[in-house]
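Start counting the sequence shown at 627; every next residue gets the next number (this note's numbering).
Below is one structure, written out as structure tokens; comments come after it.
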Amino acid sequence: MASVLNGNSDVYVDFEGHKVRNYDLKLAKIPTLNYNDPKVESMIANEQPVLLKNSDIIATALKWDLNYLKENLGQGSFSVYSSRTHKFMYCDDKRAKDWHSFVPPTQRLDMKFEEFFTRITNFKPSDTRLYLQQMLNDSVGKNIVKDFLGFKWNWLTNIQKKMNWGNTDF
627 MASVLNGNSD
637 VYVDFEGHKV
647 RNYDLKLAKI
657 PTLNYNDPKV
667 ESMIANEQPV
677 LLKNSDIIAT
687 ALKWDLNYLK
697 ENLGQGSFSV
707 YSSRTHKFMY
717 CDDKRAKDWH
727 SFVPPTQRLD
737 MKFEEFFTRI
747 TNFKPSDTRL
757 YLQQMLNDSV
767 GKNIVKDFLG
777 FKWNWLTNIQ
787 KKMNWGNTDF
């Protein structure tokens, strides 16, 4: 992997086989703290990055690998986005239709998870990259829903309330 920081912001560098603009950014190590460390709330309140460890908030999802998802995600059709690069930039297809010369950075595909699984597990560097993001709805298998409902939301909702983020009427 090439260094991305060399002080010259006008040059592109090779980053794992991709041409990436070289930015002169000041980087700092992100602290790693136990999720229940009192410093965590202060850092979040001050919009400082922190890596949380020793949390069991999503313990029921730790078994989610491609094989588990293949067996449990369900037979619904999923929105998958393909890209020739590692970037998956959002594009509103409805608005883009008005701009005839615009070429969307991604292409939306509908596919079953079985096809997604096959394409991901047989990926070659020349293939388009795929991104799947699925809402929790009635097309998702019952074990995935059960796992999701097993998340320990209390810590997250308490942080949300303390930081005054979004709707806290639940």
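Note that the Cβ used here is the ideal one computed from N, Cα and C, for glycine as well.
For clarity, every value in this text was computed on a predicted model and none was experimentally measured.
Cβ neighbours of residue i in the same chain (closer than 8 Å, five flanking residues each side left out)
i: K772; result: T686
i: C717; result: P730, P731 and T732
i: S703; result: D736, M737, K738 and S765
i: K652; result: none
Between the CA atoms of residue j and residue i - distance to the nearest angstrom
i: D691; j: D795; result: 34 Å
i: T711; j: Y757; result: 11 Å
i: K689; j: N769; result: 11 Å
i: T783; j: N763; result: 21 Å
i: M627; j: N793; result: Interpretation of M627 is limited by its pLDDT of 40, a score under 50 that renders its predicted location unreliable; the figure taken from the coordinates is listed afterwards. Each residue's Cα considered, the two are about 42 Å apart.
i: K665; j: F641; result: 34 Å
i: S705; j: P751; result: 22 Å
i: I785; j: H726; result: 45 Å
Minimum C-alpha distance to residue i - residue among the options
i: N698; options: K645, L653 and F739; result: F739
i: T658; options: F641, K679 and N672; result: K679
i: D719; options: S705, V706, R734 and S709; result: R734
i: K655; options: K689, V676, K713 and Q760; result: V676
i: K788; options: K696, D753 and I670; result: I670
i: F774; options: Q760, I785 and N660; result: Q760
i: S708; options: S681, D682 and D753; result: D753
i: M715; options: R755, S681 and K723; result: R755
i: Y661; options: W791, W781, N790 and Q701; result: W781
Three-state secondary structure assigned by DSSP to residue i
i: D640; result: strand
i: V646; result: strand
i: M789; result: helix
Worksheet item: Where are the alpha helix (DSSP H) runs, 4 residues long or more, that stay fully inside the segment 692-733, in chain order?
Response: Within the segment 692-733, the complete alpha helix (DSSP H) runs of at least 4 residues are 692-698 and 719-722.
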